[in-house]
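To start, the structure itself, in structure tokens.
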Ligand SMILES: Cc1ncc(COP(=O)(O)O)c(C=O)c1O
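Structure below.
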């Protein structure tokens, strides 16, 4: 598609014109071993499917969503009150609503890089002035001191992922608290999409710290990326403002009903997390044996350094039916590999070893 406007067309806002288009490489993944998007590689709890089948009917589909019952159940799961969070259409809508509520054109937003692309995306749409702190290679540890130094009275919002995608590295709760304290005049969003694999959370602090926002997703460990459901948590007063800026029905009924069934099956989540943690060890050992450097991860993926062969490795694995994500455009030489089960990891390592030794 060209960008030249046809005669009579209206030019969009400058912030949108200036943006690079974002196109996720999401076609033709269904029959492959998908180690490219950090999803749950075996899918959601069977209880979710049963609940969806039971509830799917013409009568229910005709009615606009009512969130009350699911809200109670999910609040209890996260140990918060129902008015301390809002359902969102994936984390992506959480980021969008957060930015729409707090960031005006020209205001300063502090991000890290490389990180999840949607923080920059929505900050750009808002016309924010963005500054980015680098995760330093090769260890990619969270650059806490640099973040603290970069916070100024003009900083309006900070968005970070803990653990971070694609580095897999995290920051301690103490580190988050230092950021929140230094950025008392800013809103701070901590995206905990991979919390279950790291065990570090700031969710316990939302009542006490009024500039803190935390988001979680049902797209990763819960295996429900297609449903598009996230939760954005904060002090109840903040949530009331966020709700004003949010479309009232952005989340569909089936998504919340599925989530309600998902949180009832805690055993499924615990056993998947245990499997992934064991598989992550296996993957790291395998990479070491092949002499491939990697960043120690506290999430369900590992960033490996394949040097000049990053794209070649990604393509050769794809040729063997295994998808991994090239990140060399933002972390030179790096490919991100999602961790699923041990069996899947063994298959991936066998293919990688063939490719790597060539
Ligand atoms: C840090 C982070 N947050 C959020 C998401 C996606 O969340 P959702 O599917 O809920 O929009 C991802 C997906 O890759 C991610 O890495």
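Residue numbers (the numbering used here): 3 to 360. The C-beta atom is built at its ideal place from N, Cα and C for all residues, glycine as well. The structure presented is a predicted model; accordingly, all values stated were derived computationally and were not measured.
Next item on the list: Assuming residue 126 contacts residue 21 (C-beta within less than 8 Å), just tell me the rounded distance between them.
Entry: With a Cβ gap of about 5 Å, residue 126 and residue 21 count as contacting.
Notebook entry, point to check: Roughly how far, in whole angstroms, is the beta-carbon of residue 170 from the beta-carbon of residue 303, given that I think they are within contact range, below 8 Å?
Noted result: Sure, about 6 Å apart at Cβ, within 8 Å.
Item checked: In chain order, each alpha helix (DSSP H) run of at least 4 residues that lies wholly inside the region 153-187 -> The region 153-187 contains these whole alpha helix (DSSP H) runs: 175-184.
Note to self: Please state the DSSP three-state secondary structure of residue 286.
What the structure shows: In the structure shown, residue 286 adopts helical secondary structure according to DSSP, grouped into three states.
Next item on the list: Quickly, what does DSSP pair residue 134 with across the bridge? List them, please.
Entry: Answer by DSSP bridge pairing, in chain order: 113.
Notebook entry, point to check: So, is residue 55 buried or exposed, given that buried needs 16 or more other C-beta atoms within 10 angstroms?
Noted result: That one is exposed.
Margin query: Just verifying my parser: in three-state terms, what is the DSSP assignment at residue 235?
Written below: Residue state, collapsed to three classes: strand.
Next item on the list: Pull up the distance between the alpha-carbon of residue 52 and that of residue 259, whole angstroms please.
Entry: Spanning the two alpha carbons is a distance of roughly 11 Å.
Notebook entry, point to check: Can you tell me the Cα-Cα spacing of residue 36 and residue 143, whole angstroms?
Noted result: Straight-line measurement puts the Cα of residue 143 at about 26 Å from the Cα of residue 36.
Notebook entry, point to check: Do you know offhand how far residue 360's Cα is from residue 342's?
Noted result: In this structure, the straight-line span from the alpha carbon of residue 360 to that of residue 342 is close to 26 Å.
Next item on the list: Could you please give the first and the last residue of the uninterrupted alpha helix (DSSP H) stretch that includes residue 315?
Entry: Judged by DSSP secondary structure, residue 315 falls within the alpha helix (DSSP H) whose first and last residues are 312-321.
Note to self: Can you look up residue 306 in the DSSP assignment and give me helix, strand or coil?
What the structure shows: Of the three classes helix, strand and coil, the one that applies to residue 306 here is strand, per DSSP.
Note to self: Which residue wins for smallest C-alpha separation from residue 120, given the options 189, 184, 23?
What the structure shows: That would be 23, whose Cα lies nearest to the Cα of residue 120.
Next item on the list: Tell me where the beta strand (DSSP E) around residue 196 begins and ends.
Entry: Run containing residue 196: none; DSSP gives neither H nor E here.
Check: If residue 2 and residue 193 are in contact, beta carbons under 8 Å, what's the gap, nearest whole angstrom?
Finding: With the chain covering only 3 through 360, there is no way to say anything about residue 2.
Note to self: Less than 6 Å between C-beta atoms, sequence neighbours within five positions excluded: which residues of the same chain meet that for residue 50?
What the structure shows: Excluding positions up to five away in sequence, the list reads 260, 263, 264.
Check: Roughly how far, in whole angstroms, is the beta-carbon of residue 222 from the beta-carbon of residue 247, given that I think they are within contact range, below 8 Å?
Finding: Actually they do not touch by this definition, with Cβ atoms about 25 Å apart.
Check: Which of the three DSSP states, helix, strand or coil, is assigned to residue 106?
Finding: Coil, per DSSP.
Next item on the list: For ligand 1, enumerate in chain order all residues having a CB closer than 5 Å to any of its heavy atoms.
Entry: My final list is 92, 93, 94, 118, 163, 167, 193, 195, 219, 221, 232.
Checklist line | Nearest residue (CA-CA) to residue 278, options 348, 244, 238 | finding: It is 348.
Notebook entry, point to check: At which residue ranges does the region 12-45 contain complete alpha helix (DSSP H) runs of 4 or more residues, listed in the order of the chain?
Noted result: Runs of the alpha helix (DSSP H) spanning 4 or more residues and lying entirely within the region 12-45 occur at 16-19, in chain order.
Next item on the list: In angstroms with no decimal places, state the Cα-to-Cα distance between residue 201 and residue 266.
Entry: If you draw a straight line from the Cα of residue 201 to the Cα of residue 266, it comes to about 19 Å.
Next item on the list: For my contact list, residue 225 and residue 42 are in at a C-beta cut-off of 8 Å; report their separation, rounded to the angstrom.
Entry: That pair is a contact at about 3 Å.
Item checked: Close-in-space but distant-in-sequence residues of the same chain around residue 45 (CB under 7 Å, 5 per side omitted) -> Here the set comprises 225.
Margin query: With H, G and I counted as helix, E and B as strand and the rest as coil, what does DSSP make of residue 142?
Written below: Residue 142 falls in the coil class under three-state DSSP.
Margin query: Quick check: what's the CA-CA separation for residue 345 versus residue 165?
Written below: Approximately 25 Å between the Cα atoms of the pair.
Check: When we look at the beta-carbon of residue 87 and count the other beta-carbons within 10 Å, is it buried (16 or more) or exposed?
Finding: Residue burial is scored here from C-beta neighbours: residue 87 has at least 16 other C-beta atoms within 10 angstroms and is therefore classed as buried.
Next item on the list: Within 10 angstroms of the Cβ of residue 1, are there 16 or more other Cβ atoms? Answer buried if so, exposed if not.
Entry: Outside the shown range of the chain (3 to 360) lies residue 1, about which nothing can therefore be said.
Checklist line | Host alpha helix (DSSP H) of residue 347 (start-end) | finding: That run of the alpha helix (DSSP H) goes 344-359.
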